[in-house]
Amino acid sequence: MTQFIIICIYLALLLILGMFASSLFKGTKEDYQLASHSIGPFLLLMSIFGTTMTAFALVGSSGEAFKEGIGVYGMLASSSGIIHSLCFFVIGVKLWGLGRKYGYTTQIQYFRDRLNNDSIGLLLFPILVGMIIPYLLIGVISGGIVMQTMTGGPGDTGAFPGLFPTDSPATNGGLPPWLGSLLICVVVLVYVFFGGMRGTAWANAFQTIVFMILGVVTFCVIATKLAANANPDAPAPGFMESLRICSEAVGESHATRSEMSKTKFFTYLLIPLSVGMFPHLFQHWLTAKSAKSFKLPVVAHPVFIMIVWVPCVLIGIWATTSLVPARPPLPSNPNAVLPFLVKTQTTPILGGLLTAGILAAIMSSLDSQFLCIGTMFGTDLVTHYFGKDRFTDRQQVLITRAFIVAIVAVTYLLSLANPRSVFSMGVWCFSGFASLFPLVFASVYWRRLTAPGAYACVLSVLATWIYLFKEAKFGGNRSYVLELEIGGTTYELMPVVAIFSVGLIAMVVVSLITKPPEEKVLAKFFPPANADSNG
Amino acid sequence: MKEKPSPAYLIWGLVVLLIILHQDNWLWDNSTLVFGFMPIGLVYHAGISIGASITWFLATRIAWPDELDEQSAPVDQKGAN
Chain A
1 MTQFIIICIY LALLLILGMF ASSLFKGTKE DYQLASHSIG PFLLLMSIFG TTMTAFALVG
61 SSGEAFKEGI GVYGMLASSS GIIHSLCFFV IGVKLWGLGR KYGYTTQIQY FRDRLNNDSI
121 GLLLFPILVG MIIPYLLIGV ISGGIVMQTM TGGPGDTGAF PGLFPTDSPA TNGGLPPWLG
181 SLLICVVVLV YVFFGGMRGT AWANAFQTIV FMILGVVTFC VIATKLAANA NPDAPAPGFM
241 ESLRICSEAV GESHATRSEM SKTKFFTYLL IPLSVGMFPH LFQHWLTAKS AKSFKLPVVA
301 HPVFIMIVWV PCVLIGIWAT TSLVPARPPL PSNPNAVLPF LVKTQTTPIL GGLLTAGILA
361 AIMSSLDSQF LCIGTMFGTD LVTHYFGKDR FTDRQQVLIT RAFIVAIVAV TYLLSLANPR
421 SVFSMGVWCF SGFASLFPLV FASVYWRRLT APGAYACVLS VLATWIYLFK EAKFGGNRSY
481 VLELEIGGTT YELMPVVAIF SVGLIAMVVV SLITKPPEEK VLAKFFPPAN ADSNG
Chain B
1001 MKEKPSPAYL IWGLVVLLII LHQDNWLWDN STLVFGFMPI GLVYHAGISI GASITWFLAT
1061 RIAWPDELDE QSAPVDQKGA N
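Residue numbers (my numbering), protein chains in the order written: chain A, 1 to 535; chain B, 1001 to 1081.
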């Protein structure tokens, strides 16, 4: 029950924050969707970081380290530190400038204008939305599972043993996933609905602080507790000694990368390029008060990733040691390792706080995605095709809100079907967004990019993605890689290499053989260096 | 007289260096514990994260598009749709 009470207090705090943000709402579409371009460096850092770090950053990082060892840090975290900030610097700042200058709210508005082609929006819209929906589902389903695991327990130790009994002692009396997911959806909906982008940015900042602090606290407590298990009769060792005891117990396969493919590790570097094409990040970038606001996120993002990931990776490899008590047995699902350790090795209060931290990581991504899809439906379809002048600013806010409610409802209903297969789609969605990176990069830096070149890129990425996804048994084969044989040696490559390369080649070739863009378009997006800033 | 290379080249050079250093094949099978508790492969990549932050800090100092704020004054709010 303690965990449940702490979770309720945390969710109530979020609602209060969202309602407070709504009290500052100016009533305009620009304020609702972009917080009137008022977000300064700190809020921008926290909201972008919170959005890019999903639940995977806490539970997935320790789960993957439990499975694969320390290599997951290089594969997923240090690579993201280099590439994410690179995207913020070379793409984010430039798009912020163009968005501010020409009044864009969504990525599709930008591409329509840049390529001087209306139909590109109709092609991109279903692809972008289709690749975000699995994420939303992963967040909503994970939230429900975490709530149940952390509020359940054997006998009458769960929060509601009489009300929600289950066969498994681990989840007995816990909040059922349908109810936990519903609670999360309602809380996110309320603060996004009322607070818009300002509420989302504030909530993200708050939640990012929560999951960063709680991650470090959990790390310290688990380290001390596990080390004490090494010799239960001796006095508890100090913190540094605890760290040493835990790490010395780790087997070589998890303390090294001896079982990891070097080429797979290298080609994973392409995956973080996905942040350059995330529509929800595009919208976050446009909230910045000035180009200077990007400096702090660009610099601090890699270190923030390190602060969250290093403790989680260490906990993951410690979980493979004999320091973890044999009873109760470790869960078979690696992603349940961190919640399991928190539950069995710490106090109910810390368990409740860490649950709040995991929910914070989940919700800080969900909110931006809900707001973004609502904004895209309202702006790129309704307002675009019915005419902007037909709607007042307040009506456009209402349309966005209506779509947000609809999307939250649809996502929740889809999550009830419990499509576990969406979990295997995570890396595929990232691969899809990453493979579209050449398109956004070329749109910013390459004058010769043409609309047919953009179509060729998107369609070839789509076709290659579908083909490889089918080959991987629609995500069922989670270890699917491409195999390249050179000189009798087989090299493993991530599928993103093929999808990315095909898209890039198609874009360049088709752009070069088609009619160059009109001069007026080039003048708009590539003004001479000394041109009048307003011209 | 030769034109001085743009400071941005230094940043691109550092980014390429980080990407090369990221592929640390030489530490692949090394299980040494640094400070007695951190596997060396993990310490190394934590160092890459810090190196990335330092590189991007330099980028904000010597290669930042300071003119962008002036150039980005709104010109056409109706053009977006």
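Every residue, glycine too, gets a C-beta built ideally from N, C-alpha and C. Predicted, not measured: the structure shown is a model, and the values here were computed from it.
- Give the residues of chain B in contact with S261 (chain A), contact being defined as C-beta atoms less than 8 Å apart. Mapped onto the first sequence, residue 261 (chain A) falls at position 261. The premise fails here: S261 (chain A) is roughly 10 Å from chain B at the closest Cβ pair, so nothing lies under 8 Å.
- When the cut-off is 8 Å and only beta carbons count, does P1007 (chain B) lie next to chain A? The residue given as residue 1007 (chain B) occupies position 7 in the second sequence. No, because no Cβ of chain A sits closer than 8 Å to the Cβ of P1007 (chain B).
- Query: Buried or exposed: where does E259 (chain A) fall if 16 or more other Cβ atoms within 10 Å of its Cβ makes it buried?
  - Reply: Sequence index remark: in the first sequence, residue 259 (chain A) carries index 259 (1-based). Classification for E259 (chain A): exposed.
- Task: Under 7 Å between beta-carbons, which chain B residues line up against R244 (chain A)? List them in chain order, please.
- Result: Position 244 of the first sequence holds residue 244 (chain A). Per Cβ cutoff of 7 Å: G1036 and F1037.
- Message: Tell me the DSSP secondary structure of I307 (chain A) in three-state form.
- Response: To locate residue 307 (chain A), count along the first sequence from 1; it is residue 307. In this structure, I307 (chain A) counts as helix in the three-state DSSP scheme.
- Message: Quick check: the segment 135–147 of chain A against the segment 361–372 of chain A, are at least 3 beta-carbon pairs closer than 8 Å?
- Response: Touching, yes, given that three or more Cβ pairs across the two stretches are closer than 8 Å.
- Message: Tell me whether the segment 332–342 of chain A and the segment 146–164 of chain A touch, counting them as touching only if at least three CB pairs, one residue from each stretch, are closer than 8 Å.
- Response: yes
- Task: Quick one: using the 10 Å Cβ neighbour count with 16 as the cut-off for buried, is E518 (chain A) buried or exposed?
- Result: Within the first sequence, the letter at position 518 stands for residue 518 (chain A). Exposed is the call here.
- Which word fits K1078 (chain B), buried or exposed, when buried means at least 16 other C-beta atoms lie within 10 angstroms of its C-beta? Working through the second sequence from its first residue, we reach residue 1078 (chain B) at position 78. With a pLDDT of 46 at K1078 (chain B), under the threshold of 50, the modelled position of that residue is not reliable, and the figure given next carries that caveat. So K1078 (chain B) ends up on the exposed side.
- Query: Any idea if Y32 (chain A) is buried or exposed, counting beta-carbon neighbours within 10 angstroms, 16 or more meaning buried?
  - Reply: Here residue 32 (chain A) refers to the residue found at position 32 when the first sequence is read from its first residue. Flag for Y32 (chain A) reads buried.
- Cα separation between L353 (chain A) and V210 (chain A)? Position 353 of the first sequence holds residue 353 (chain A). Position 210 of the first sequence holds residue 210 (chain A). Near 9 Å, if we compare the C-alpha coordinates of V210 (chain A) and L353 (chain A).
- Message: Let's test the definition: count the other Cβ atoms within 10 Å of the Cβ of S537 (chain A) and tell me whether it reaches 16, buried, or not, exposed.
- Response: This structure does not reach residue 537 (chain A), given that chain A is present from 1 up to 535, and the question cannot be answered.
- Message: Pop quiz: A506 (chain A) and C457 (chain A) are said to be a contact at Cβ under 8 Å. What is the actual Cβ separation, rounded to whole angstroms?
- Response: Numbered from 1 along the first sequence, position 506 holds the residue referred to as residue 506 (chain A). Numbered from 1 along the first sequence, position 457 holds the residue referred to as residue 457 (chain A). Rounded, the Cβ-Cβ distance is 6 Å, consistent with contact.
- Query: With burial defined as no fewer than 16 other Cβ atoms inside 10 Å of the residue's Cβ, what is the status of G162 (chain A): buried or exposed?
  - Reply: In the first sequence, residue 162 (chain A) corresponds to position 162, counting from 1. Under this definition G162 (chain A) is an exposed residue.
- Would you list the one or two residues that DSSP bridges to E483 (chain A)? Numbered from its first residue, the first sequence carries residue 483 (chain A) at position 483. In the DSSP output, where bridge partners are listed per residue, E483 (chain A) has A:E492.
- Under a CB-based cut-off of 8 Å, is W1064 (chain B) close to chain A? Counting from 1 along the second sequence, the entry for residue 1064 (chain B) is found at position 64. Cβ-Cβ to chain A under 8 Å: yes for W1064 (chain B).
- What three-state label does DSSP hand A472 (chain A) in the structure shown? On the first sequence, position 472 is the one that residue 472 (chain A) refers to. In this structure, A472 (chain A) counts as coil in the three-state DSSP scheme.
- Message: If you reduce the DSSP assignment to three classes, tell me which class I70 (chain A) lands in.
- Response: Numbered from 1 along the first sequence, position 70 holds the residue referred to as residue 70 (chain A). I70 (chain A) falls in the coil class under three-state DSSP.
- Residues of its chain near N117 (chain A), where Cβ-Cβ distance is below 6 Å and the 5 sequence neighbours each way are ignored: Stepping through the first sequence from its first residue, residue 117 (chain A) is reached at position 117. Within the same chain, N117 (chain A) has close Cβ partners A451.
- Message: Which same chain residues end up closer than 8 Å to I91 (chain A) when comparing Cβ atoms and leaving out the 5 residues on each side of it in sequence?
- Response: Sequence index remark: in the first sequence, residue 91 (chain A) carries index 91 (1-based). So the list reads G276, V440, F441 and V444, once near-sequence residues are dropped.
- Query: Among A:A356, A:P329, A:F219 and A:A35, which one has its Cα closest to the Cα of G143 (chain A)?
  - Reply: The residue given as residue 143 (chain A) occupies position 143 in the first sequence. The shortest Cα separation from G143 (chain A) among A:A356, A:P329, A:F219 and A:A35 belongs to A:A356.
- Should L1068 (chain B) be flagged as near chain A, meaning a C-beta pair shorter than 8 Å? To locate residue 1068 (chain B), count along the second sequence from 1; it is residue 68. Closer than 8 Å: yes.
- Is D1024 (chain B) buried or exposed, if buried means 16 or more other CB atoms sit within 10 Å of its CB? Translated into the one-based positions of the second sequence, residue 1024 (chain B) becomes position 24. Flag for D1024 (chain B) reads buried.
- Query: Quick one: complete alpha helix (DSSP H) runs, 4+ long, within the segment 429–463 of chain A?
  - Reply: 437–445
- Message: Cβ closer than 8 Å: which chain D residues qualify as neighbours of L1018 (chain B)?
- Response: Of the protein chains in this structure, namely A and B, none is chain D.
- Message: Could you check whether R114 (chain A) and G121 (chain A) sit closer than 8 Å to each other, using their CB atoms as the reference points?
- Response: Within the first sequence, the letter at position 121 stands for residue 121 (chain A). Within the first sequence, the letter at position 114 stands for residue 114 (chain A). Not in contact: G121 (chain A) and R114 (chain A) (Cβ atoms no closer than 8 Å).
- Query: Taking the alpha helix (DSSP H) that H204 (chain A) falls in, what are its first and last residues?
  - Reply: By 1-based counting over the first sequence, the position of residue 204 (chain A) is 204. Sequence check: residue 204 (chain A) is Asn here, not His. Start and end: P177 to A230.
- Message: Assuming L462 (chain A) and L296 (chain A) are in contact, meaning their beta carbons sit under 8 Å apart, how far apart are those beta carbons, in whole angstroms?
- Response: Position 462 of the first sequence, counted from the first residue, corresponds to residue 462 (chain A). Position 296 of the first sequence, counted from the first residue, corresponds to residue 296 (chain A). Incorrect: roughly 36 Å between the Cβ atoms, too far for contact.
- Task: Identify whether A57 (chain A) lies in helix, strand or coil by the three-state DSSP scheme.
- Result: Mapped onto the first sequence, residue 57 (chain A) falls at position 57. A57 (chain A) falls in the helix class under three-state DSSP.
- Query: Near L11 (chain A), which residues of its chain fall below 6 Å by C-beta distance, leaving aside the five closest residues on each side in sequence?
  - Reply: Within the first sequence, numbered from 1, the residue matching residue 11 (chain A) stands at position 11. Hits under 6 Å: V187.
- Report the residues of the segment 1039–1062 of chain B with a CB closer than 7 Å to any CB of chain A, ordered along the chain. Interface annotation for the segment 1039–1062 of chain B against chain A: P1039, G1041, L1042, H1045, A1046, I1048, S1049, I1050, A1052, S1053, W1056, F1057, A1059 and T1060, criterion Cβ-Cβ distance under 7 Å.
- Message: Can you check which of these residues, A:A360, A:V221, A:K29 and A:A77, is closest to G50 (chain A) by C-alpha distance?
- Response: Counting from 1 along the first sequence, the entry for residue 50 (chain A) is found at position 50. When each option's Cα is compared against that of G50 (chain A), the closest is A:A360.
- Query: Where does V298 (chain A) land, buried or exposed, given buried means 16+ other C-beta within 10 angstroms?
  - Reply: Counting from one through the first sequence, the residue named residue 298 (chain A) turns up at place 298. Its Cβ being crowded by 16 or more others within 10 Å, V298 (chain A) is buried.
- What in chain B is Cβ-close to A364 (chain A), meaning under 8 Å? Position 364 of the first sequence holds residue 364 (chain A). Looking at the sequence itself, residue 364 (chain A) is Ser, so the reference to Ala does not match. In chain order: nothing, as chain B lies at least about 20 Å away.
- Using the DSSP secondary-structure output, state which residues sit across from M75 (chain A) in a beta bridge. Here the question's residue 75 (chain A) lines up with position 75 in the first sequence. According to DSSP, which records beta bridges pairwise, M75 (chain A) is partnered with nothing at all.
- Message: With a threshold of 8 Å between beta carbons, is F278 (chain A) in contact with chain B?
- Response: In the first sequence, counting from the first residue as 1, residue 278 (chain A) sits at position 278. No, its Cβ sits nowhere closer than 8 Å to a Cβ of chain B.
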